[in-house]
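Protein chains: 2
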Amino acid sequence: MSRKAQGERTRKAILETAVHIASAEGLEGLTIGRLALELSMSKSGLFAHFGSKEELQVATVEAAREIFIREVIKPAFEATQGLIRLWKLCDIWLAYVQSGVFRGGCFFAAVAAEFDSRPGPVRDRIAEIMKEWLATLRNAIVEAQTAGHLTNAIDATQLAFEFNSLELGANWAFQLYGDASAFKRAREAILERLNRYTTAAGGPLLTHE
Amino acid sequence: MSRKAQGERTRKAILETAVHIASAEGLEGLTIGRLALELSMSKSGLFAHFGSKEELQVATVEAAREIFIREVIKPAFEATQGLIRLWKLCDIWLAYVQSGVFRGGCFFAAVAAEFDSRPGPVRDRIAEIMKEWLATLRNAIVEAQTAGHLTNAIDATQLAFEFNSLELGANWAFQLYGDASAFKRAREAILERLNRYTTAAGGPLLTHE
DNA sequence: GGCTAAAACGAACGTTCGTGCTATATACTC
DNA sequence: GAGTATATAGCACGAACGTTCGTTTTAGCC
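Order-wise, the sequence lines are chains A and B. Its first residue numbered 1, the first sequence is counted upward by one per residue in this note's numbering. Its first residue numbered 1001, the second sequence is counted upward by one per residue in this note's numbering.
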């Protein structure tokens, strides 16, 4: 193993742990000492991988984005474009949060609330990424309309807002109360809307169970 | 003014400022030094009003609850029980957040995300209060059903979850993007549901404008 | 086997945090 | 007016924070 590759590997390991900690304790609660302790390495050795705490935070956000793409976006995009993919995006998102891989639930919901009043590059990147997600959702809706699965009467931006809200709401209920039925409620609400706006060409109604 | 009353007054002033800071910086970001500076008093003098930082946090949460009751719950409860009150609860909540009295938007949305992975009395109190809000919402729905304004076919808990989610979603969009149209979207989604489930006895349809 | 450069370390910096101890100023009681 | 309780201030503490610096370990190259 080259020395160079070793550095990359360590950096990956650091960020992997950082994402988990930050989802629960936040990006400020994510301290370098704590991170070093958890990885059994020195503060200074760890710090050398990033020039500053802010850079570490940005890198952590970036790492979380890649995980999100790998675990939610990509699997959903294996489905064919249209209604199915739209539903997959929502369904997999909910399943992913419910699976509890992150102690703090949805990473971005957590850090968005933390940084929404803290101007700077960290906040900017978080906002960008969440906007990206919302655009993905909206785009899937438009595609479902183009494919003739959903009626053109609905406003795609409005529907994307509603779906995103329901997901945030489910995440909130699960994190605060451990209430897993919130995911069922979110799915029910989303499906109800999808089914209501499905055209004849949209195929048989989707169901929850 | 008695010494005793002076203490009470100071405490109120502290908590008033604390709620504002915490809505933006969080309950951990709310430091005693910062708070003392903002109030032009000494750290120790301020600290004497609370036995610990945790007590200060709990007191701040309590203060926020009282503000919320005064500004949202009470005004909504001036409306007659039933559909109107239910709508008022949602509408006033949105207007209150939009008014921007708190730099960090909805106080409870902010601190819930911060503390949902931090066990302790602070988290417990936040969870209680938000459950209280959800119960208020649900109860208003049930009352609207009992009054014959809304159909009994709907699940009150489900609808309360959806309304709460839409409110959280609007708060999220406004805080992260300054997007005021999110409030319009939330209102539209809520009204759409209310109108759809309104019985003939529910009176004329509610409108947004 | 030495040389180089990357990677990790250990110790310390200055600052800020929450918290405690002691003293002073103020208002009410008798 | 002396005495007491309350409110606030001053000062110091130990711990933890992000950060810097000089050193040591390690892998690849000639």
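No residue lacks a Cβ here, since even glycine has one placed at the ideal position from N, Cα and C. All values reported here derive from a predicted model rather than from experimental measurement.
Below the 9 Å Cβ cutoff, chain B contributes no neighbours of Y96 of chain A, its closest Cβ being approximately 17 Å away.
Classified as exposed, K131 of chain A has fewer than 16 neighbouring CB atoms from the shown chains inside 10 Å of its CB.
The alpha carbon of L1134 of chain B has as its nearest neighbour, out of B:H1149, B:G1104, B:P1121, B:E1167, the alpha carbon of B:E1167. L150 of chain A is bridged by DSSP to A:T198. Contact check for R1103 of chain B against S1023 of chain B passes: the beta carbons are separated by less than 8 Å. At a beta-carbon threshold of 7 Å, the residues of chain B lying near W172 of chain A are A1112, L1168, ordered along the chain. Going by C-alpha positions, R1009 of chain B is about 60 Å away from Q6 of chain A. K1074 of chain B counts as exposed, since fewer than 16 other beta carbons sit within 10 angstroms of its beta carbon.
In summary, no residue of the stretch 1032-1043 of chain B has a CB separated from any CB of chain A by less than 9 Å.
Taking a Cβ-Cβ cut-off of 7 Å, the neighbours of N164 of chain A in chain B comprise G1169, given in sequence order. In this structure L1027 of chain B is in contact with V1111 of chain B, their Cβ atoms being roughly 5 Å apart against a cut-off of 8 Å. Spatial neighbours of I1129 of chain B in its own chain (CB-CB distance under 6 Å, excluding positions within 5 residues in sequence) are listed in chain order as R1065.
Burial state of D1124 of chain B is exposed, judged by a 10 Å Cβ sphere holding fewer than 16 other Cβ atoms.
Relative to the Cα of K1012 of chain B, the nearest Cα in the group B:E1192, B:K1088, B:E1062 belongs to B:E1062. Not flagged as an interface residue toward chain A: F1107 of chain B, since no C-beta distance is shorter than 8 Å. DSSP places R1103 of chain B outside any alpha helix (DSSP H), giving it a letter other than H or E. With a 10 Å radius around the Cβ and a threshold of 16 neighbouring Cβ atoms, T1060 of chain B comes out buried. Chain B places no beta carbon closer than 8 Å to that of R187 of chain A, leaving this residue out of the contacts. For E167 of chain A, the enclosing alpha helix (DSSP H) begins and ends at 156-177. For the pair A173 of chain A and E1162 of chain B, the CB atoms are not nearer than the 8 Å cut-off. The beta strand (DSSP E) runs of length 3 or more contained entirely in the stretch 1010-1093 of chain B do not exist; there are none. Between the alpha carbons of V101 of chain A and G1202 of chain B lies a gap of roughly 45 Å.
Counting other Cβ atoms within 10 Å of its Cβ, L89 of chain A reaches 16 or more and is therefore classed as buried. Distance from the CA atom of E1114 of chain B to the CA atom of G148 of chain A, rounded to whole angstroms, is 42 Å. Look at the stretch 1051-1069 of chain B: it has no residue with a C-beta under 9 Å from a C-beta of chain A. Only S1023, A1024, E1025 from the stretch 1011-1025 of chain B bring a Cβ to less than 9 Å from some Cβ of chain A. Within its own chain, the residues whose Cβ lies closer than 7 Å to the Cβ of T1199 of chain B, once the five positions on either side in sequence are excluded, are G1148, H1149, L1150, T1151, listed in chain order.
Chain order gives no chain A residues near Y1197 of chain B, where near means a beta carbon separation below 7 Å; the closest approach is about 12 Å.
Comparing alpha-carbon positions, the option among A:L46, A:N195, A:Q175, A:T146 lying closest to R1118 of chain B turns out to be A:Q175. For F1183 of chain B, not one C-beta of chain A is nearer than 8 Å to its own C-beta. Between the beta-carbon of L191 of chain A and that of N164 of chain A there is about 16 Å, and that puts the pair past the 8 Å contact cut. By the CB criterion at 8 Å, A144 of chain A and G82 of chain A fall inside the cutoff.
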